[in-house]
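As structure tokens, the structure follows; a few thoughts come after it.
Protein chains: 2
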Amino acid sequence: MKHSVTFTPDNVSIEMDQDTTLYKAAKAAGAYVLSSCGGKGNCGKCKVIIKKGETDSGKSRAFLSDEEVKRGYVLACHTGARSDVTVEIPPESRMQAKHKIATGAKTDALFHLMETAGGCLESRIRRVYLEVTPPTLDDNISDYERVRRALDEKGFDASHLHLNYLVLKKLPLVLREQDWKCTVSLVQVGEVLEVLNIYPGDASRARYGAAVDIGTTTVVVYLVDMTTGNIINTASTYNTQVKCGDDVITRIVYATEMNGLQELQGLIVENVNAMLIELAAKSNISPDMIDYIVAAGNTTMAHLFYGIDPQHLREEPYIPAATFFPLVRGKSLGLKADPQALLYSMPNVASYVGGDITAGVLVSQIHRSEKNSLFIDIGTNGEIVLGNKDWLVTAACSAGPAFEGSGIKFGMRAMEGAIEEVEIDPRTFECNYQVIGDVKPVGICGSGMIDTLAEMYLTGVIDQKGKIREEIGSKRIRKGETGLEYVLAWRVESAVKKEIVLTEVDLDNLIRAKAAIYAGFATLLSQMGMTFADIDKLYIAGGFGRYIDVERAITIGMLPDLPAEKFQFLGNTSIMGAYFSLLCDKLRHEAEDIAKKMTYIELSVSRDFMDEYLSAMFLPHTNLDSFPTVKKELEKRTKRE
Amino acid sequence: MKHSVTFTPDNVSIEMDQDTTLYKAAKAAGAYVLSSCGGKGNCGKCKVIIKKGETDSGKSRAFLSDEEVKRGYVLACHTGARSDVTVEIPPESRMQAKHKIATGAKTDALFHLMETAGGCLESRIRRVYLEVTPPTLDDNISDYERVRRALDEKGFDASHLHLNYLVLKKLPLVLREQDWKCTVSLVQVGEVLEVLNIYPGDASRARYGAAVDIGTTTVVVYLVDMTTGNIINTASTYNTQVKCGDDVITRIVYATEMNGLQELQGLIVENVNAMLIELAAKSNISPDMIDYIVAAGNTTMAHLFYGIDPQHLREEPYIPAATFFPLVRGKSLGLKADPQALLYSMPNVASYVGGDITAGVLVSQIHRSEKNSLFIDIGTNGEIVLGNKDWLVTAACSAGPAFEGSGIKFGMRAMEGAIEEVEIDPRTFECNYQVIGDVKPVGICGSGMIDTLAEMYLTGVIDQKGKIREEIGSKRIRKGETGLEYVLAWRVESAVKKEIVLTEVDLDNLIRAKAAIYAGFATLLSQMGMTFADIDKLYIAGGFGRYIDVERAITIGMLPDLPAEKFQFLGNTSIMGAYFSLLCDKLRHEAEDIAKKMTYIELSVSRDFMDEYLSAMFLPHTNLDSFPTVKKELEKRTKRE
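Protein chains in written order, with our numbering: chain A, 422 to 1062; chain B, 422 to 1062.
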């Protein structure tokens, strides 16, 4: 038996079977409901409110407060319909449109890099305008040979020329369309010079490329004029794979289920295509004028983008299908571009260090420096690189997506309604906060969490272990359903008609996340017999990274206690590296050298890492002496009291 | 308004629009009606009999005798329906199933050629069985790199290894399916070693290939066991493109019309696929075990097979899209084989000398001989090669398809019902004939035409110009609608309820055809400053060639007057050359060298050729002294009288 279900506030309806869930129905209806676990009942993010009708409200009240239950909240993934129902998706469970995605690229950095690589604006795909000599009875070689001869005359080594089927098919027509004037796009693979496509007349200037950053959470696309190197327009969106799970592990699991892989690939390709179409429209070009696409993403994202089974990435010994993906036709994946467009992926290093990190190192230039640098990309995961011009080591510290909101009761991404800055009064323990978009708060994002954690620690609301000190006697401290919690925003202030709190469970999750990052740094250093004192620069990349207050991050022990001038924010280095490699083939080669040079250290089986991790499970660290500025601040505050 | 039309004897019916023709309706219904011109009203082959109903019997009575008109004959291409109609397709207009298609290949010739080429049974595509070392935490390179390493260990240079998208997608699964044992198929393109496909376990022995001869009239396929070199099974069929026109020119014209190219490509691909499926079924294999296909055909057939616009082949200066076609995936054309199967085409020389001729030269070995040889492939066209191990010249003599029945009133292919041998009594002028299949005659095929022409000439029924000598007073000589004609079979003897005749128009067409062939030989020789005396061997290839009586062909002046031992029949050298190149990559290279070496001479603009042609428009030739044996026979006969 089927029931009709209507989701508000979007007012979309769908018929649903009795044995399906509201979560799946919402997905099918296109009314997105947040979920970190992909509908498995493990995250508690997919809360919805039953406004009308009977439901089978499920086996579990987990993740729901008494008050929520009273107000009709259920978990969408645990609830079926027993009659026609109306379901409200509350603000905290919605994916919102206004967000902050790091999209910036510095073109001056590109030109500097190109120059120092001895390079120029020369992409892997070249376009060459040819004025072919028309045939006569005495000069009657074939169209194919005629193109070869014209290329030869232009100085190309066309002795191993290859035309693919599509080009061959249209060759006679295109050559004669504009009186033997034509443009070919070429790619060199080994000795073979391949004619990728042929266009009538002079099409050597109408060349566009796309750089794509496929993040676990966000996707960014640049539309690039390949003749000038200029970024014409940029677009960004959330990776709609998010509805199948927040982090890479959940998505890998999802991919192994029936049609899961196909669905995940379809979603990300759809994301990219939508942006390609949007960018092309904005720029008054056709998407099929894009003939080269360079993508960067973590290894799991790359597998999913190509539709390759990612299952072995998560099973010991953690083996990717490929780290260096071969050049393929964009149309193989269904990308909207020139039918012959090539897709290149920034080379991956290992299962948990992907092409986004190779791109990041390229942009950071730590591989060219005499001095030792650290590089961290804080996205949904946290990948670290240590090295200099002679060597590079890398690791993934599996910090998890806590700072993106996952596993945090009111956690959310840096979008409208997120608390992003917090201050706590050391005497009253009252707090002030800033919300993205200056609206009523819906939840708290990563930078807000770091702020809160740092403030709670410095003001003594929590102890070194992250436990709330009930004894300080603040009305903001109360017993919640999972233990003690601190109220950031009262019900009247919030957009969700609930108090927005940070619970001890949340605090524990955040400390685990920050400990993993710090332990990652420390382990790489100790593997190389080094300490933080040997580090000249610490580069912070990634969407979330841009909004981190370094001082606060040091306070909680997420970042090492280095002088402020050693930190440098790079923004979204994944898209920048993809963009550089798109435009300059020498930099693409440099990126491949970087990937080959990086030694991957598997932290999940490292005893060193486990030791470092346990030591970092305190605020800021078991050894307070390794955080002298924090120690000093604490002493200062103690004196003041 | 629509009418129903039923075609007998097949009893297939179809609804047809008022503005379409019976010819198109028959095509659509799958009831094939012969046509040389593709339904343009130029050939008179598509005669059908209206048995019931009203027709708009058209603008033209051309090609129809009074008697035929009386009996209800119309040209299907000129006739529409005005009511529901029943249409009989008479035997002479049907495509018949029993036929003679030359399919033989001599495998001993292959092994001899391979040996002398310093070759071995090594195809362009190789299969290699790999036992890949399973990964561990310490040896955690990607699946891709693991395959590369395994190939490296087998002695391959895998430094430029390429995996295509389909292989990449299935790589993780296939590697683990049989415990890291797998088989790869490889092709080397320049420095790049490409993994075409990967199969679980040991699939190195289950390798099949197909050789395909695409003739204008017939298509032959060999299924070949690539590990032994054995031909497992062969199949042949008519090229169903015939319904769009008999000769290459008509098909080129057809291809330029709306969807014509697509239709022609679809027909030939369907022909090849039907045979691949049939051969696979017969041999208890799956068609997708075929991973390499080598095709040979004339340049027009190659263009149509690949779906490339052939229009410029027939317009001065006669330019093909390509002579050397690039290696493409069989699936690009829709071929039923391994999804990654490669298709290679024997290299063409020019617009009218194709891969079938390159294949023929390879098989004839004239390119390896110290002595001078002539090679002719008499198919729907007539291509000639002259040369030795130092040089090769070639030309197409555009003999036209007269010997295949086109332009000859009762002409037909060498199929059941065709008069194939004829003798005329020199005193009574009565004739005896032999019919293929020992049935009542339907028409006359090429060998029968040559016989008749020779006999008519030797017995004095016709003069040197091919004019019927009415004055000899035979009842077999009569006035027909187009002038004088000779009755080969009386109405009671024939299967078509009509006298089977050879008209003066037919005789004229046959003399033009034979003159073109002889002029082709003569022109090539004179271009090289040679005479027939310099020729050591004359190789005759092609389906029709096999049934020629050399003595009779000399009598009419189609073949030069050389001693019998200098003639050698080779059969279908097109399929043989394709088969050799399929199995032995060294021979494929040799074929490419042959194609590069051949100098093409365009006869259609040659004054020499025109002179030779005019001289050859007599029986046997203007200069009887160049045919001493014919002269002697004539003298003998004159004496006898």
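Ideal placement from N, C-alpha and C gives every residue a C-beta, glycine not left out.
For residue i, return the contacting residues in chain B, with the cut-off set at a CB-CB distance below 8 angstroms.
{"i": "Tyr1000(A)", "result": "Those do not exist, as Tyr1000(A) stays about 24 angstroms from chain B at its closest Cβ, beyond 8 angstroms."}
{"i": "Ala771(A)", "result": "Asn561"}
When you compare each of the options to residue i by their alpha carbons, which one comes out closest?
{"i": "Lys461(A)", "options": "Val715(A), Ala449(A) and Lys445(A)", "result": "Lys445(A)"}
{"i": "Pro512(A)", "options": "Lys1018(A), Lys918(A) and Leu959(A)", "result": "Lys918(A)"}
{"i": "Thr550(B)", "options": "Cys498(B), Glu574(B), Thr500(B) and Gly622(B)", "result": "Residue identity differs from the one stated: residue 550(B) is Tyr in this sequence, not Thr. Of the candidates Cys498(B), Glu574(B), Thr500(B) and Gly622(B), the one whose C-alpha sits nearest the C-alpha of Tyr550(B) is Gly622(B)."}
{"i": "Ile977(A)", "options": "Lys935(A), Thr507(A), Val784(A) and Ile961(A)", "result": "Lys935(A)"}
{"i": "Arg848(B)", "options": "Val882(B), Cys866(B) and Met836(B)", "result": "Val882(B)"}
{"i": "Ile706(B)", "options": "Met767(B), Arg628(B) and Lys810(B)", "result": "Arg628(B)"}
{"i": "Val774(A)", "options": "Asn809(A), Glu906(A), Pro747(A) and Leu734(A)", "result": "Leu734(A)"}
{"i": "Glu475(A)", "options": "Thr537(A), Thr427(A) and Asp431(A)", "result": "Thr427(A)"}
{"i": "Asp600(B)", "options": "Thr649(B), Arg569(B), Leu644(B) and Val553(B)", "result": "Val553(B)"}
{"i": "Asp646(B)", "options": "Arg626(B), Glu699(B), Ser657(B) and Tyr659(B)", "result": "Arg626(B)"}
Can residue i and residue j be called in contact, C-beta distance under 8 angstroms?
{"i": "Gly864(B)", "j": "Gly832(B)", "result": "yes"}
{"i": "Asn802(B)", "j": "Ala817(B)", "result": "yes"}
{"i": "Ser995(A)", "j": "Gly636(A)", "result": "yes"}
{"i": "Thr638(A)", "j": "Val663(A)", "result": "yes"}
List, in chain order, every chain A residue whose beta-carbon is nearer than 8 angstroms to that of residue i.
{"i": "Leu584(B)", "result": "Ala743 and Pro747"}
{"i": "Leu1118(B)", "result": "In this structure chain B extends from 422 to 1062, so residue 1118(B) is not present and cannot be described."}
How many angstroms separate the CA atom of residue i from the CA atom of residue j?
{"i": "Pro556(B)", "j": "Ile689(A)", "result": "30 angstroms"}
{"i": "Glu1023(A)", "j": "Pro981(A)", "result": "21 angstroms"}
{"i": "Arg515(A)", "j": "Leu455(A)", "result": "6 angstroms"}
{"i": "Pro591(B)", "j": "Leu754(A)", "result": "Residue identity differs from the one stated: residue 591(B) is Lys in this sequence, not Pro. Each residue's Cα considered, the two are about 14 angstroms apart."}
{"i": "Asp846(A)", "j": "Cys852(A)", "result": "6 angstroms"}
{"i": "Leu763(B)", "j": "Ala723(B)", "result": "15 angstroms"}
{"i": "Gln517(A)", "j": "Tyr453(A)", "result": "Interpretation of Gln517(A) is limited by its pLDDT of 46, a score under 50 that renders its predicted location unreliable; the figure taken from the coordinates is listed afterwards. Distance between the alpha carbons of Gln517(A) and Tyr453(A): 10 angstroms."}
{"i": "Ser1002(A)", "j": "Ala1012(A)", "result": "8 angstroms"}
{"i": "Leu756(B)", "j": "Ala717(B)", "result": "15 angstroms"}
{"i": "Gly751(B)", "j": "Leu617(B)", "result": "12 angstroms"}
{"i": "Val782(A)", "j": "Lys987(A)", "result": "17 angstroms"}
{"i": "Lys519(B)", "j": "Glu837(B)", "result": "Residue confidence for Lys519(B) is low, a pLDDT of 43 falling below 50, so the modelled location carries little weight and cannot support an answer."}
{"i": "Val971(A)", "j": "Phe1048(A)", "result": "13 angstroms"}
{"i": "Met696(A)", "j": "Gly630(A)", "result": "13 angstroms"}
{"i": "Phe990(A)", "j": "Ser790(A)", "result": "17 angstroms"}
{"i": "Asn993(A)", "j": "Ile797(A)", "result": "11 angstroms"}
{"i": "Ser425(A)", "j": "Thr441(A)", "result": "12 angstroms"}
Could you list which residues in chain A have their beta carbon closer than 9 angstroms to that of residue i, in chain order?
{"i": "Lys919(B)", "result": "Near Lys919(B) there are no residues of chain A at all, since even the closest Cβ is about 45 angstroms away, more than 9 angstroms."}
{"i": "Asp564(B)", "result": "His733, Ile740, Pro741, Ala742 and Ala743"}
{"i": "Ala589(B)", "result": "Sequence inspection shows Leu at residue 589(B); the Ala mentioned does not correspond to that position. The answer, in chain order, is Tyr727, Ile729, Ala742, Ala743, Phe746, Pro747 and Val749."}
Please list the partners that residue i has in chain A, where partner means a Cβ-to-Cβ separation under 7 angstroms.
{"i": "His733(B)", "result": "Pro593"}
{"i": "Pro760(B)", "result": "Neighbours of Pro760(B) on chain A: none; closest Cβ ~13 angstroms, over 7 angstroms."}
Going along chain B, which residues have a C-beta under 7 angstroms from residue i?
{"i": "His581(A)", "result": "Gly611"}
{"i": "Ser766(A)", "result": "The contacting residues do not exist; Ser766(A) stays about 11 angstroms from chain B at best."}
{"i": "Ser403(A)", "result": "A query on residue 403(A) cannot be resolved here, the shown segment of chain A reaching from 422 to 1062 and no further."}
For residue i, return the contacting residues in chain B, with the cut-off set at a CB-CB distance below 9 angstroms.
{"i": "Leu558(A)", "result": "Glu737, Pro738, Tyr739, Glu1023 and Val1026"}
{"i": "Ser606(A)", "result": "Result: empty, since nearest Cβ-Cβ is about 16 angstroms, beyond 9 angstroms."}
{"i": "Ser434(A)", "result": "Per Cβ cutoff of 9 angstroms: no residues; Ser434(A) is ~37 angstroms from chain B at best."}
Task: Residues, ordered as in the chain, of the region 611-630 of chain B that lie near chain A by beta-carbon distance below 8 angstroms - done: Gly611, Glu612 and Val613
Task: Residues in the region 697-731 of chain B having any Cβ partner in chain A nearer than 8 angstroms - done: Tyr727, Gly728, Ile729 and Asp730
Task: Interface positions of the region 1011-1037 of chain A facing chain B (Cβ-Cβ less than 9 angstroms), listed along the chain - done: Tyr1021, Glu1023 and Val1026
Task: Cβ-based contacts, 9 angstroms cut-off: residues of the region 818-850 of chain B near chain A - done: none
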